[in-house]
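All the letters of the sequence shown, read from the start, carry residue numbers 1 to 136 under my numbering.
Backbone N, C-alpha and C define an ideal beta-carbon position, used for all residues, glycine too.
In what follows, a structure is listed as structure tokens, so that the remarks can point back to it.
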Amino acid sequence: MILIILFSVLSIIIVSILISRSITEPIVRLTDVAGRISEGDLKLKVGAASKDEIGILAQSFNKMVENLKRNITEHKQAEDEIRKLNEELEQRVAEWTSELGEKVAELVRMNDLFVGREFRIKELRDRVNELEESKD
Numbered sequence: 001m002i003l004i005i006l007f008s009v010l011s012i013i014i015v016s017i018l019i020s021r022s023i024t025e026p027i028v029r030l031t032d033v034a035g036r037i038s039e040g041d042l043k044l045k046v047g048a049a050s051k052d053e054i055g056i057l058a059q060s061f062n063k064m065v066e067n068l069k070r071n072i073t074e075h076k077q078a079e080d081e082i083r084k085l086n087e088e089l090e091q092r093v094a095e096w097t098s099e100l101g102e103k104v105a106e107l108v109r110m111n112d113l114f115v116g117r118e119f120r121i122k123e124l125r126d127r128v129n130e131l132e133e134s135k136d
């Protein structure tokens, strides 16, 4: 009788250990992979062989990592596009600035020309007035 009780207790202990391991090992693996992924290794996947809650959690975790990879890729593509557009904008601004500089220089030349003409016309009017006054 003691032998049966001892055998039963030993069997219960062994079964408890096996059940405990079947629950904790996938959680430990998931925790390990989660830690490595948090350090940037997005190539890892969690084995999701079982169809219980832990298997569903592992599948959800793998899906989350795939979504994260996709989001990072999309973010990098958006950054590249913004960088490209920024470079194009800088080029256009440089071209426009150059064109405006040329137009300003042309306006300055025209202004100098008109001011010079106005000054010359004033001199000629003054000279005409002097000549008319000297006739009188």
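Just to confirm my understanding: we take residue i, look at its own chain, exclude 5 residues before and 5 after, and list those with CB closer than 8 Å. What are they?
i, result
"Lys-45", "Val-33, Asn-62, Val-65"
"Leu-30", "Val-46, Ile-54, Leu-57, Ala-58, Phe-61"
May I have the straight-line CA-CA distance separating residue i from residue j, to the nearest angstrom?
i, j, result
"Val-128", "Glu-118", "15 Å"
"Asp-41", "Glu-99", "50 Å"
"Ser-20", "Ile-12", "12 Å"
"Pro-26", "Ile-17", "14 Å"
"Asp-52", "Ser-38", "25 Å"
"Met-110", "Val-104", "10 Å"
"Leu-131", "Ile-121", "15 Å"
For the candidate residues the options, whose alpha-carbon lies nearest to that of residue i?
i, options, result
"Thr-24", "Gly-116, Ile-54, Gly-35, Val-115", "Ile-54"
Using a Cβ-Cβ cutoff of less than 7 Å, which residues in the same chain neighbour residue i once the five nearest sequence positions on both sides are dropped?
i, result
"Arg-36", "Leu-44"
Can you tell me which of the three DSSP states residue i falls into?
i, result
"Gly-101", "helix"
"Lys-135", "helix"
"Ser-95", "The residue you asked about is not Ser; residue 95 is Glu in the sequence shown. If DSSP states are grouped into helix, strand and coil, Glu-95 belongs with the helices."
"Lys-69", "helix"
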